[in-house]
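Quick note, the sequence shown lines up with residues 77 to 282 if you use the working numbering.
Only one structure is covered here, and it is reproduced in the block below.
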Amino acid sequence: MNQELKQEEREVIKLVVFFKKKAETWSAETEIPQEFKQLMETCDKLVEQINIHAQSRELILSERELLKKLVKDNAQCPRCNKNENLKLIGTEKNEKDWQSNKYKCRKCNITFVWNAPNNPWDMIPYVESVVAEIEKKAEANDLDDATKQHFIESIAQMKSNLEKLKPVVENSAADIANLELRDKEMAEIVHKFKKHLMIEKIKLED
């Protein structure tokens with residue numbers, strides 16, 4: 077049985093297995109009633125639907141988990157400026173609700189929150205704010221040409237990265253929204269059909 081199935085989906089499939097065994101018993105003893113054949117056909121179609129949806133759900137959620145790990149921060153201890161003694165101890169949100177990693181430096185025995193988000197959703201507005209800040213600095217009249225050129229190149233690189241990241245995040249958000257909608261629809265179908273199968277099971281057992 078698919079490991080990604082929800083509890084009620086599993087229960088429906090178990091009921092379908094019960095009816096299939098009943099059908100096998102009947103076919104060995106007598107002709108299967110037409111009404112029961114139709115029920116089995118409906119069961120087969122629903123089980124196929126459930127499995128396809130479960131596989132789709134697993135794929136979308138696994139892709140989202142990979143997306144969560146896309147951002148790799150290069151955290152360094154603010155005291156010793158090294159990273160080899162850092163231990164990730166949690167996460168923390170700032171006043172803008174951006175989530176960042178929290179570390180402990182085992183050498184310096186201090187804890188700190190890294191100054192950049194740890195996920196692509198918060199990284200987008202963070203980078204946009206950094207770009208805006210650098211653009212403002214680049215407009216200063218007292219800049220030498222080398223510094224100004226460095227700012228321009230940094231801005232171009234960050235904007236290029238944003239152009240690549242934004243569609244990925246937006247597509248993931250759309251996939252999750254569609255999944256939630258489909259999950260709700262499937263839950264209603266499965267719940268109703270489970271009730272129907274339980275009634276049919278009681279009839280057979282009487």
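Positions of the beta carbon are idealized from the N, C-alpha and C atoms, including for glycine.
DSSP three-state label for residue i, please.
i, result
"C181", "strand"
"I265", "helix"
"Q233", "helix"
"K82", "coil"
"Q175", "strand"
"V147", "coil"
"P196", "helix"
"E215", "coil"
"D220", "coil"
"P243", "helix"
"N127", "helix"
Which partner residues does residue i have in the DSSP bridge list?
i, result
"K163", "K180"
"T106", "The partner list for T106 (beta bridge, DSSP) is empty, contrary to what the question assumes."
"E168", "S176"
"N189", "Inspection of the sequence shows that residue 189 is occupied by Val rather than by Asn. DSSP lists K178 as partners of V189."
I'd like to know whether the C-beta atoms of residue i and residue j end up nearer to each other than 8 Å.
i, j, result
"V147", "N191", "no"
"V206", "M234", "yes"
"R133", "N161", "no"
"L164", "V244", "no"
"F112", "A99", "yes"
"I231", "E211", "yes"
"S248", "R140", "yes"
"E107", "H267", "no"
"I228", "A216", "no"
"I89", "I128", "no"
Rounded to the nearest angstrom, how far is the Cβ of residue i from that of residue j, given a contact under 8 Å?
i, j, result
"I252", "I136", "7 Å"
"I275", "L241", "Going by Cβ atoms, the distance from I275 to L241 rounds to 51 Å, so no, they are not a contact pair."
"L91", "K277", "7 Å"
"L115", "F94", "Rounded, the Cβ-Cβ distance is 12 Å, inconsistent with contact."
Measuring alpha carbon to alpha carbon, tell me which residue in the options is nearest residue i.
i, options, result
"I186", "K158, N150, D221, A130", "K158"
"K169", "L162, K178, N161, K163", "K178"
"P196", "Q175, V189, E215", "Q175"
"E87", "C184, A214, L122", "L122"
"C184", "D218, Q152, K268", "Q152"
"V120", "L280, F269, E281", "Residue identity differs from the one stated: residue 120 is Asp in this sequence, not Val. Ranking the options by Cα distance to D120, first place goes to F269."
"G166", "D218, D220, K180", "K180"
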